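full-length UniProt numbering puts the first residue of the sequence shown at 1, with every later residue one more than the last.
Data first, discussion second: the structure below is written as structure tokens.
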Amino acid sequence: MSPSRVSDHSEDPLATQASTKSTLRCFGKMNTSMIESKFLSHPEDLGIVAVGFSGGQGKPGVDAAPTALIESGLLTQLRDELGYNLHGHDAVHLYPDLVATSADQDPPHRGMKNPRSVSAVTRRIADQVYSHAREGRLVLTLGGDHSIAIGTIAGSAKAVRERLGRDIAVIWVDAHADINTPETSDSGNVHGMPVSFLTGLAREEKEEFFGWLKDEHRISVKKLVYIGLRDVDAGEKKILRENGIKAFSMFDIDR
Numbered sequence: 001m002s003p004s005r006v007s008d009h010s011e012d013p014l015a016t017q018a019s020t021k022s023t024l025r026c027f028g029k030m031n032t033s034m035i036e037s038k039f040l041s042h043p044e045d046l047g048i049v050a051v052g053f054s055g056g057q058g059k060p061g062v063d064a065a066p067t068a069l070i071e072s073g074l075l076t077q078l079r080d081e082l083g084y085n086l087h088g089h090d091a092v093h094l095y096p097d098l099v100a101t102s103a104d105q106d107p108p109h110r111g112m113k114n115p116r117s118v119s120a121v122t123r124r125i126a127d128q129v130y131s132h133a134r135e136g137r138l139v140l141t142l143g144g145d146h147s148i149a150i151g152t153i154a155g156s157a158k159a160v161r162e163r164l165g166r167d168i169a170v171i172w173v174d175a176h177a178d179i180n181t182p183e184t185s186d187s188g189n190v191h192g193m194p195v196s197f198l199t200g201l202a203r204e205e206k207e208e209f210f211g212w213l214k215d216e217h218r219i220s221v222k223k224l225v226y227i228g229l230r231d232v233d234a235g236e237k238k239i240l241r242e243n244g245i246k247a248f249s250m251f252d253i254d255r
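Written out as structure tokens, the structure reads:
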């Protein structure tokens, strides 16, 4: 991603909570237990993993988003208006045991910033998501910068393979492709790299630097589609073309 925005796209918690409220109002008083699903054995249950983490990029603030969303009433609306039984919603996880407190404790690796912290946190998230998904629940992860998608998708992919014996498909709705490798990234911010690690386009042998990601956690580029792209780096465009990854830009949507 380009130096001007490079994976430094930070989410606005207030804008997010406003968007969430309007979205939930559109659904009204819907009982989710009435929705049949061939993929979820317990469609009425929703696993919540709230992640107050910003280490995948350099701007503080995104770590406050889960608390802002919860305090705005998101979980109450999910339970009372959409009819979900919530699980794991009693805490916002900050992972103080995993996050380095100074830069010298977590030096760059292959150009990646905060690699040990991001790897450790996303691994923990993957375990948390997996614990819900293996029970046949839908899982909602609240972040946090977009590096946490490594954990969200890795945990889901592992659970679906075990439960259903199949690979998951991913619809990535984002202005940014987040498919830089450590070598193509201009910034070194890992929140611009989750898709490259999840697809195996970026690999790492060392356990502490995403080497914990195995085939059971990964997704296929053939089962990945982007919607809403508008700011894609040159290196990312090359990756998308070479791997035949389907993408719909904002230009496609506006047409």
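Backbone N, C-alpha and C define an ideal beta-carbon position, used for all residues, glycine too.
Remember, it's a predicted structure, so these values are computed and weren't measured experimentally.
Proximal residues to residue i (C-beta, below 8 Å), its chain only, five neighbours per side dropped
i: I253; result: I227 and G228
i: A91; result: A50
i: G28; result: Because the pLDDT at G28 is just 49, under 50, the model does not fix this residue reliably, and the value given afterwards should be weighed accordingly. Contacts found: E81.
i: H137; result: Just to set this straight, residue 137 is Arg in the shown sequence, not His. Here the set comprises L40, H42, D45, L46, G47 and H87.
i: L98; result: S117, A120, V121 and R124
i: S2; result: Confidence at S2 is low in this model, with a pLDDT of 34, below 50, so its placement is unreliable and the value that follows should be read with caution. Once the five neighbours on either side are set aside, the close Cβ partners of S2 are D186, D231 and D233.
Between the CA atoms of residue j and residue i - distance to the nearest angstrom
i: residue 337; j: Q105; result: Residue 337 lies beyond the stretch modelled for the chain, which goes from 1 to 255, so this question has no answer here.
i: K206; j: R110; result: 12 Å
i: A100; j: N114; result: 8 Å
i: S72; j: V62; result: 16 Å
i: P108; j: G83; result: 45 Å
i: D190; j: S54; result: The amino acid occupying residue 190 in the given sequence is Val; Asp does not appear at that position. The straight-line gap from Cα to Cα measures roughly 10 Å.
i: P182; j: D233; result: 13 Å
i: A202; j: E208; result: 15 Å
i: I148; j: R255; result: 32 Å
i: I245; j: F197; result: 15 Å
i: E236; j: V195; result: 11 Å
i: L74; j: A68; result: 9 Å
i: A65; j: D174; result: 18 Å
i: R79; j: I70; result: 12 Å
i: K158; j: S187; result: 30 Å
i: residue 259; j: E135; result: A question about residue 259 goes unanswered here, because the residues of the chain that appear run from 1 up to 255.
i: M193; j: I219; result: 14 Å
Cut-off 6 Å between Cβ atoms - residues of its own chain near residue i, not counting five sequence neighbours on either side
i: V139; result: G47, V129, H132 and A133
i: T141; result: V49 and T152
i: N243; result: V221
i: W212; result: R123
i: I239; result: I179
i: W172; result: Y226
i: H89; result: I48 and L75
Beta-carbon separation (whole angstroms), residue i vs residue j, contact threshold 8 Å
i: H146; j: D178; result: 6 Å
i: V170; j: L224; result: 5 Å
i: G52; j: H93; result: 7 Å
Cutoff 7 Å; reference residue i; Cβ partners in own chain excluding five residues on either side
i: S37; result: P43
i: A126; result: G151, A154, G155 and H217
i: S249; result: L229 and R230
i: E204; result: F210 and G211
Distance cut-off 8 Å: residue i Cβ against heavy atoms of the ligand COA
i: R166; result: Ligands in the displayed structure: none, and consequently the ligand COA is not present.
Please give me, in chain order, every unbroken run of the alpha helix (DSSP H) with length at least 4 that falls completely inside the segment 172 to 246.
194 to 199 and 234 to 242
4 or more residues per run - each alpha helix (DSSP H) lying fully within the segment 108 to 176:
115 to 133 and 149 to 164
Residue ranges of each alpha helix (DSSP H) within the segment 38 to 98, 4 or longer
65 to 71 and 74 to 80
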